[in-house]
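Under this note's numbering, the first residue of the sequence shown carries the number -2, and numbering increases by one thereafter.
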Amino acid sequence: VAVQSSGQDNADFSDTITYGGSIGFIYADSDRLRYGFALGAHTRLEDDTTFLPIPIIAWRFDEHWSLASSPRRGGGQIALTYAHSETLSFSAAVGFESRDFRLADDNPTPRGVGRDSRVPVSLAVDWRVHPQVSIRGEAGANFSQQFTLDNETGDRINQLDADLGFFAGVGVTVEF
-2 VAVQSSGQDN ADFSDTITYG GSIGFIYADS DRLRYGFALG AHTRLEDDTT FLPIPIIAWR
58 FDEHWSLASS PRRGGGQIAL TYAHSETLSF SAAVGFESRD FRLADDNPTP RGVGRDSRVP
118 VSLAVDWRVH PQVSIRGEAG ANFSQQFTLD NETGDRINQL DADLGFFAGV GVTVEF
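Pasting the structure below:
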């Protein structure tokens, strides 16, 4: 279950909240293969609730190689990973992401909704420098980016198909 708030600084907080969750099952065929299915549902700002079928797979088909899907709010991704060692792995992923955000009352489209969606494709390196600390570097591109603007009743005002966009990042995870 998830509760999320997405809006501009001056947007009414109560108008920025969406709710969602998923339910499903996973079957462990062996220590190398798990698969299943989930159904995700999430409310949207000034739009119908989205229902998303989510196939689930975690397949280690070789000592070093694995394929895994993972759900995300507004989408999901699938990644192919090569584990070079216990501390170093490389992955390639493709996914789909979508999000909404409430516009402020003082915006040219008061209380409207901005929406964006994209298909991210990325390459990543994960390095476990300590049993409790890992570093991840990731770079990629967003394909099929689309931005839309709806008024406060959900009617479409404008839609823009954007050019290819690139991204890169580094993150550190500390586990306790």
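Note that CB positions come from ideal geometry on N, CA and C, so glycine has one too. These numbers were taken from a predicted model, which means no experiment stands behind them.
- Under a 10 Å Cβ-count criterion, Asp45 is classified as exposed, with fewer than 16 other Cβ atoms of the shown protein chains found around its own Cβ.
- For Phe22, the enclosing beta strand (DSSP E) has its first and last residue at Ile14 to Ala25.
- Following the DSSP letters along the chain, one finds Ala89 inside the beta strand (DSSP E) bounded by residues Leu85 to Arg99.
- In the structure shown, Phe10 falls within a helical segment according to DSSP collapsed to helix, strand and coil.
- With respect to Ser19, Leu36 sits close: the two C-beta atoms are nearer than 8 Å.
- The beta-bridge partner set that DSSP reports for His127 consists of Val130.
- For Asn155, the uninterrupted beta strand (DSSP E) segment begins and ends at Arg153 to Asp158.
- In the three-state reduction of the DSSP assignment, Pro117 falls in the strand class, which pools E and B.
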